[in-house]
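Here is the structure we will look at, set down as structure tokens.
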Amino acid sequence: MEPGSVQGLIHRLAARRVVQAVGQEQVFAHATNHRLAQRLAAAMNFGIHLVPQTLFYDPSAPAAVPPTLPAGNGPLVACLGVPRPEKSGLPLPDIVHEALRQRADLRFVIQVNGAKTNAALMALERMPQVQLVKGWLDDGAFVALIQAADMLLLPYRRDRYAERTSGPFSFAAAYGRPAIVPSGTWMAERIARKQAAGIAYKRDAAVIDALTVAADRLPDLHSQAARLAQRWRIWDGEALLRVVRRWAAGDGTGELRRVDPKPPSV
Numbered sequence: 038m039e040p041g042s043v044q045g046l047i048h049r050l051a052a053r054r055v056v057q058a059v060g061q062e063q064v065f066a067h068a069t070n071h072r073l074a075q076r077l078a079a080a081m082n083f084g085i086h087l088v089p090q091t092l093f094y095d096p097s098a099p100a101a102v103p104p105t106l107p108a109g110n111g112p113l114v115a116c117l118g119v120p121r122p123e124k125s126g127l128p129l130p131d132i133v134h135e136a137l138r139q140r141a142d143l144r145f146v147i148q149v150n151g152a153k154t155n156a157a158l159m160a161l162e163r164m165p166q167v168q169l170v171k172g173w174l175d176d177g178a179f180v181a182l183i184q185a186a187d188m189l190l191l192p193y194r195r196d197r198y199a200e201r202t203s204g205p206f207s208f209a210a211a212y213g214r215p216a217i218v219p220s221g222t223w224m225a226e227r228i229a230r231k232q233a234a235g236i237a238y239k240r241d242a243a244v245i246d247a248l249t250v251a252a253d254r255l256p257d258l259h260s261q262a263a264r265l266a267q268r269w270r271i272w273d274g275e276a277l278l279r280v281v282r283r284w285a286a287g288d289g290t291g292e293l294r295r296v297d298p299k300p301p302s303v
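Positions in the sequence shown are counted from 1; adding 37 to them yields the working numbering.
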């Protein structure tokens, strides 16, 4: 979305056409994080509102039974969200093997893409400390796994997640679970700003250290995550719908922040 890129040009032209067709006052442009809003504002040349996540949490829903978990009572690490090459930064099999070499009481539950999963990842299922969950999960089962876990591990690519939000991270934050994430990402920024609990590792080689430190600090991390969870539950898809309805009725956007394009330098 660089302003000088082809993608930025396309966004600028599309925004201009929309504004010409309906008028700028009829356009509600938005993003779910500040860095993306800055880039969109520059590319499209008008203000971008910062809005809630387009996720829906239902704490009142009956608790679902999580899929089978690995036996034992050691810290349970969940790797949720189907692994895809375009988002995965580190090979999970290597992480799991090294983590268990250093701390044998860890347990892992890993969501995989069924038949399309690579052989190295599927081979983890032969280990008693690892359980693979194959394919898509409905919201109830997904939340049940998060609540059964002690922490989430999201070893994502920094270049992909500097501006991209993460559904598993957001659900973990909303249900009081810390996450292990790479620095320089949207998730790490939430942790740095004390908006979510977890640990951000600066170097890829430090991911194992981050896991073991988190396992040692679980009581403190769980306490912090529980204190922050309610903020995530109220900043959700329902809140976004309320904002859009209010704006469409001509009542403005309330206290939403707007990121405007920077004036050209002279």
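All C-beta atoms, glycine included, are put in the ideal place defined by N, C-alpha and C.
Query	Result
Compare the C-alpha of Ile217 against each of Val250, Pro107, Asp95 and name the closest.	Val250
Compare the C-alpha of Glu292 against each of Arg283, Lys299, Pro298, Ala156 and name the closest.	Arg283
Assuming Gly213 and Ala262 are in contact, meaning their beta carbons sit under 8 Å apart, how far apart are those beta carbons, in whole angstroms?	4 Å
Indicate whether Leu255 and Val114 have their beta-carbon atoms separated by less than 8 Å.	no
Under 6 Å Cβ to Cβ from Asp142, same chain only, skipping five residues before and after it: list those, please.	Gly111
Can you tell me which of the three DSSP states Gln148 falls into?	strand
For a test of the three-state rule: what should DSSP assign to Tyr198, helix, strand or coil?	helix
Apply the 10 Å Cβ neighbour rule to Thr105 and answer buried if 16 or more other Cβ atoms are within range, or exposed otherwise.	exposed
Taking only the alpha-carbon atoms, compute the straight-line gap between Pro298 and Leu77 and give it to the nearest angstrom.	8 Å
When DSSP labels each residue in this structure, what does Gln166 get in the three-state scheme?	coil
Measuring alpha carbon to alpha carbon, tell me which of Thr202, Val296, Ile85 ends up nearest Asp273.	Thr202
Where do the N-terminal and C-terminal ends of the beta strand (DSSP E) with Gly235 fall, by residue?	235–238
Taking the alpha helix (DSSP H) that Leu158 belongs to, which residues open and close that run?	156–160
Tell me the DSSP secondary structure of Ala286 in three-state form.	coil
For Tyr94, which option in Gly60, Ala210, Lys231 has the closest C-alpha, if you only look at C-alpha atoms?	Ala210
In angstroms, rounded to a whole number, what distance separates the CA positions of Val296 and Gln75?	6 Å
Can you grab the Cα-Cα spacing for the pair Pro40 / Ala79, in whole Å?	Reliability of the predicted coordinates at Pro40 is poor, the pLDDT of 47 falling under 50, and the value obtained from them is presented with this limitation in mind. Their Cα atoms are separated by approximately 6 Å.
Please work out which residues of its chain come closer than 7 Å, Cβ to Cβ, to Gly118, disregarding the five sequence neighbours upstream and downstream, and give them in chain order.	Gln148, Gly204, Pro205
Cβ of Val133 within 8 Å of Cβ of Gln168?	no
Does the stretch 187–194 come within contact of the stretch 62–74, defined as at least 3 CB pairs closer than 8 Å?	no
With DSSP as the reference, identify every bridge partner of Leu190, one or two as the case may be.	Ile217
For Phe208, which residues in the same chain have their Cβ closer than 6 Å to its Cβ, ignoring the five residues on either side in sequence?	Ile183
Specify the secondary structure class of Phe93 as computed by DSSP and reduced to three states.	coil
First and last residue of the beta strand (DSSP E) that includes Ala115?	113–116
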